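Visitor:
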Amino acid sequence: MFNPKKRENNLLTPEKAATFLPIFISSFISIFIIIFYAYPQFTKSNKVNLELNELIKKKDDLENLRSRYKEINQKFLKLNKEKERLIKLISGSSNLETLLSKLGELGKKNN
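The working numbering applies: residue -10 is where the sequence shown begins, and numbers increase by one.
This is the structure in structure tokens:
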């Protein structure tokens, strides 16, 4: 007759070993592949992705920076022109005919 209790006591049978042994071996191999190859590639890929995102942001900001540069350059040129006009006005072109000398003359006339 068939004795079920005797069969339950055997945890490792050839039939079970034939099915579970390849599963365990392939599981360990896949874990080692994931740990030593896939994870480092994943982290390397993330670093490259972050650098790419940063470069894309910088590229997008480049047009904005160019327009700001043009505005600042125009303001700088305008201020330089005003500075030259003030220097001409104060120092005069020649013979001490300056604003300050004329103000001094007017002050002497009017006490």
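Don't be surprised by glycine CBs; every beta carbon is placed ideally from N, CA and C. Quick caveat, the model's predicted, so the values are computed rather than measured.
(1) Looking at the secondary structure, which residues open and close the alpha helix (DSSP H) in which Leu75 lies?
(2) I'd like to know whether the C-beta of Thr2 is nearer than 7 Å to at least one C-beta of chain B.
(3) Run through DSSP, which three-state label would Leu89 get?
(4) Could you give the distance in angstroms between the alpha-carbon of Leu51 and the alpha-carbon of Gln30?
(5) Measure how close the beta-carbons of Leu89 and Ile76 come, nearest whole angstrom, since I'm counting them as under 8 Å.
Guide: This is what the structure gives:
(1) Numbered from its first residue, the sequence shown carries residue 75 at position 86. Annotation: the continuous alpha helix (DSSP H) that includes Leu75 extends over Tyr28 to Ser80.
(2) Considering every chain present, this structure includes no chain B. It has just one protein chain.
(3) Here residue 89 refers to the residue found at position 100 when the sequence shown is read from its first residue. When DSSP states are grouped into helix, strand and coil, Leu89 belongs to the helix group.
(4) Residue 51 sits at position 62 when you count from the first residue of the sequence shown. Residue 30 sits at position 41 when you count from the first residue of the sequence shown. The straight-line gap from Cα to Cα measures roughly 31 Å.
(5) By 1-based counting over the sequence shown, the position of residue 89 is 100. By 1-based counting over the sequence shown, the position of residue 76 is 87. That pair is no contact at about 12 Å.
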